[in-house]
Amino acid sequence: AQNIMVATVQGDIFYLRNGRVPVRPIGFDFSRPVPGNTSDSEWKGIHPISDLIQMSNPPQGYMQNCNISPAHLMKDSPLTRERFQDRPYLYNESDRLHQRAAMVLELLEENEKVTQEQAVNVALSTEVYKAGLWQNMLRAVGDPGLETFRQSILRWDRRTRPTSKGALAYKYWKAALGEKLARLVDPFEAPRGILTNHALLSALRSAAGRMYSQFGTWETTYGQVHRVGRRGGKDYPVGGGTLRSV
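Here the sequence shown stands for residues 56 to 301, numbered as in this note's numbering.
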């Protein structure tokens, strides 16, 4: 399956979750192995395009897609999982919203009109969604031996450019919080109830130790670690990516 979006110069927009999808028989859980020794599990043909998940000109006036569920094409998307309960394999996506999609949805929802340059900036933004909330929590804790490491996160501009320094410290700190993050109802929020000052400081200490042992410094830039290139050939620093956890 592929997520396909179309926009015309006249202003029409269209979405299709495309694919040559077999019509599967009712009564089987196709997320698990299916018995092949009975004709009851055989395909019943191929779904016509009219059966596939699609939408034209939603009232929100925009769509966005970065490998997300149809439920997150726009705010209050009508393409919810419940509408396709009889054929769940046509939907076949997790409802969990990742950092990139959450940020783009917010930007598009808040800006009714954007210029071409603004649209490109949204598409190529390296901003880490709601990282400022976590920085604010970190301001409440401290350890004299970790002040340089803590300040590298607090001074960070919440972008993952190749030259960003605090980005890696933030990434290692969030990773050190580990299972506590899995308990958050909203993974982008930073609630006080679960994450105490002691937990934040303990994670900070762990992250600083891990980063120093791995790189010998806390000043490592994002692009020194995140690189692209051919195996055995030259590689290059890159920016972007999700920093909710490692």
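We put the CB at the ideal spot given by N, CA and C, even for glycine.
Where does the unbroken beta strand (DSSP E) through ILE59 begin, and where does it stop? 57 to 62
Using 10 angstroms around the beta-carbon of GLN119, count the other beta-carbons present and answer buried if the total reaches 16, otherwise exposed. buried
Is it buried or exposed for GLY287, if we count other Cβ within 10 angstroms and need 16 for buried? Per the 10 Å Cβ criterion, exposed.
Just confirm the distance between the C-beta atoms of THR135 and GLY294, as a whole number of angstroms; I'd bet it's less than 8 Å. The C-beta separation of THR135 from GLY294 comes to about 34 Å, leaving the pair out of contact by the 8 Å criterion.
Can you name the start and end residues of the alpha helix (DSSP H) that LEU232 belongs to? 221 to 232
Using the C-alpha atoms, what's the distance from ASN73 back to PRO114? The straight-line gap separating the alpha-carbon atoms of PRO114 and ASN73 is approximately 22 Å.
By the three-class DSSP mapping on this structure, what secondary structure does SER111 have? strand
In chain order, what are the residue ranges of uninterrupted alpha helix (DSSP H) at least 4 long that sit wholly in the stretch 118 to 150? Complete alpha helix (DSSP H) runs here, min 4: 143 to 146.
Output the distance between the C-alpha atoms of ASP84 and ASP141, rounded to the nearest integer angstrom. 12 Å
Please report the straight-line C-alpha distance between ILE101 and ARG87, rounded to a whole angstrom. 20 Å
Quick one: is PHE270 buried, meaning 16 or more other Cβ sit within 10 Å of its Cβ, or exposed? By the neighbour-count criterion, in which 16 or more other beta carbons inside 10 Å mark a residue as buried, PHE270 falls on the exposed side.
Would you identify the three-state DSSP class for ILE101, choosing helix, strand or coil? strand
LEU255 lies in the alpha helix (DSSP H); which residues open and close that run? 252 to 270 is the span of the alpha helix (DSSP H), which, as asked, contains LEU255.
Mind checking ALA263: buried by the 16 CB within 10 Å criterion, or exposed? buried
Checking the sheet assignment: what are the DSSP bridge partners for ASN73? GLN57
If I follow the unbroken beta strand (DSSP E) through GLY284, where does it start and stop? 282 to 284
Do you know whose CA, among ILE208, VAL64, ASN252 and LEU71, lies nearest LEU302's CA? Absent from the model: residue 302. The displayed extent of the chain is 56 to 301, so no value can be given.
What separation, rounded to the nearest whole angstrom, lies between the Cα atoms of ARG213 and LEU201? 20 Å
Minimum C-alpha distance to VAL280 - residue among HIS253, ALA230 and THR215: With distances taken between CA atoms, VAL280 lies nearest to THR215 out of HIS253, ALA230 and THR215.
I'd like to check one pair, TYR227 with LEU163: are the Cβ atoms closer than 8 Å? The answer is no: Cβ separation not under 8 Å.
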